[in-house]
Amino acid sequence: MSPPGLRLRACAKVNLGLEVLGKRADGYHELRTLFQTIDLHDDVGLRLRGRDVVVRSDHLGAPGDASNLAARAAEALRRFAGIEQGVEITLRKRIPVGAGLGGGSSDAAVVLLGLDRMWRLRLGRGGLLPLARRLGADVPYFLYGGTALGLGRGDEVYPLERQLRAWLVVVDPERPVATAAVFARLAAGLTPRENGRNIFRFVTSDLAGVGAVRGLVNELEQAALEEAPDLRERVGRIREVLVTGGAHLAALTGSGSVCFGVFADVAAARAAARRLRQQGLRASVARTVTGAEYRRYWAGPARRTR
Ligand code: C5P
């Protein structure tokens, strides 16, 4: 018997670094990015019932209808596998929406992995990958998690041997930014970049510990701040608190607008988060989730999932 219902964790990601290599013929941009999952997560409930895909969301920014990426993921898998049974998806959103944390993509990947299990399809990550790629550029990464390199549109995912173990301060300026609009601003001027080899350095060097993230750059930041100029001052202030508080890296994730700092020390991370909250900012502490930890979550029998 398949389990009638599952409650699953869908982790957020940050882009530790993001380099834009050029514009592609399909309108997307060729990227080189370093993904990292963190323990900030949405709860995704799956219940097999009826003949339709129904999604309920507790967040206004994540639509409770068929346009929701999680619903599209279920529909795509159902069609692919020739399943007639419906599913009710319940989303409890904790990951800020439109923030660069990949919440919608993560929910969608978890729906694919969860339904693969509930419908006993045994497609696994490899079998789900083509469906994930069609849903969105960030969805494939969430089949793997951990510290991983993303190439192509970000949808060619290479889990890395080097897994970052660190504490993050995640700061939400509560100002959603549209990803497509940020990328559209880039098209005008892709300039040669001095930082082009920093991700290469992260992947290949023997630099020990959290310090390896130093020098990573998000090349979408400038375009994001042009798209949302009201954020510029706030982002500057956030970065200042993170860096003076001991962050090895302080950056924007994806196309923004969430900023994060990477810390070796949890006490320093907590102190920086406290200072940011004193300034009226929404700041929380998270920990990195390694690829092994992420994949272990999916490896056991269904009762181990919660
Ligand atoms: O794939 P996804 O729907 O998440 O991407 C959102 C938008 O971001 C795309 O429509 C595209 O405009 C832009 N994008 C891009 N290059 C990428 C990823 C996304 O131009 N590698």
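Note that my numbering numbers the sequence shown so that position 112 is 112, with each residue one more than the last. We put the CB at the ideal spot given by N, CA and C, even for glycine. Just so you know, these numbers come straight off a predicted model, no measurement behind them.
Next on the checklist: Assuming Ile89 and Ala71 are in contact, meaning their beta carbons sit under 8 Å apart, how far apart are those beta carbons, in whole angstroms?
Outcome noted: 6 Å
Checklist entry - What does a CB cutoff of less than 6 Å around Arg47 pick up in its chain, not counting 5 residues either side in sequence? => result Gly5 and Glu88
Next on the checklist: Contact defined as beta carbons within less than 8 Å: I believe Gly145 pairs with Gly86. What is the distance between those atoms, to the nearest angstrom?
Outcome noted: Actually they do not touch by this definition, with Cβ atoms about 28 Å apart.
Checklist entry - Helix, strand or coil for Ile38 per DSSP? => result strand
Next on the checklist: Looking only at its chain, what residues have a beta carbon closer than 7 Å to the beta carbon of Leu321, apart from the 5 residues adjacent to it on each side?
Outcome noted: Lying outside 1 to 306, the shown extent of the chain, residue 321 is not represented and no answer is given.
Next on the checklist: Within a Cβ cutoff of 8 Å, which residues of the same chain sit near Leu168, ignoring the five residues on either side of it in sequence?
Outcome noted: Val14, Ile38, Phe260, Gly261, Val262, Phe263, Ala269, Val285, Ala286, Arg287 and Thr288
Checklist entry - Between which two residues does the beta strand (DSSP E) carrying Pro159 extend? => result Glu156 to Pro159
Item to check | Separation of Ala208 from Pro63, as counted between CA atoms | outcome: 43 Å
Next on the checklist: What would DSSP say about Arg306, mapped onto helix, strand or coil?
Outcome noted: With a pLDDT of 38 at Arg306, under the threshold of 50, the predicted position of this residue should be treated as unreliable, though the coordinate-derived value follows. Correct three-state label for Arg306: coil.
Item to check | Anticipated Cβ contact below 8 Å, Arg24 with Ile199, distance rounded | outcome: Contact flag wrong, Cβ pair sits at about 19 Å.
Next on the checklist: Quick check on Gly150: buried or exposed, where buried means 16 or more other Cβ atoms within 10 Å of its Cβ?
Outcome noted: buried
Next on the checklist: Pull the bridge partners of Ser284 from the DSSP assignment, please.
Outcome noted: Val170
Checklist entry - Are Asp42 and Arg92 touching if we call contact CB-CB under 8 Å? => result yes
Checklist entry - Which residues in the same chain have their Cβ closer than 8 Å to the Cβ of Ala272, if we skip the five residues on either side of it in sequence? => result Cβ neighbours of Ala272 within its own chain (closer than 8 Å, five residues either side excluded): Val169, Val241, Leu242, Gly245, Gly246, Ala247, Gly261, Phe263 and Ala283.
Item to check | Nearest-angstrom Cβ-Cβ length linking Gly291 and Gly100, presumed shorter than 8 Å | outcome: In fact, because the Cβ distance is near 21 Å, the residues do not count as touching under 8 Å.
Checklist entry - Taking the alpha-carbon positions, what's the Tyr294 to His29 distance? => result 28 Å
Checklist entry - What do you reckon, is the C-beta of His29 under 7 Å from a heavy atom of the ligand C5P? => result yes
Next on the checklist: With DSSP as the reference, identify every bridge partner of Arg47, one or two as the case may be.
Outcome noted: According to DSSP, Arg47 bridges with Gly5 and Glu88.
Next on the checklist: Between the alpha carbons of Gly154 and Arg133, how many angstroms are there, rounded?
Outcome noted: 10 Å
Checklist entry - For Thr33, which three-state DSSP category applies? => result strand
Checklist entry - Taking 7 Å as the line, does the beta carbon of Phe183 fall inside it for any heavy atom of the ligand C5P? => result yes
Checklist entry - Which value, in whole angstroms, describes the spacing of the CA atoms of Glu221 and Glu84? => result Cα to Cα, the separation comes out at about 44 Å.
Checklist entry - Does any heavy atom of the ligand C5P sit closer than 7 Å to the C-beta of Gly291? => result Because no heavy atom of the ligand C5P lies under 7 Å away, the Cβ of Gly291 does not count as near it: no.
Item to check | Local conformation of Glu19 per DSSP, three classes | outcome: strand
Next on the checklist: Check this for me: beta carbons of Leu143 and Leu160, under 8 Å apart or not?
Outcome noted: Contact flag unset, no.
Item to check | Burial state of Leu60 (16 or more Cβ within 10 Å) | outcome: exposed
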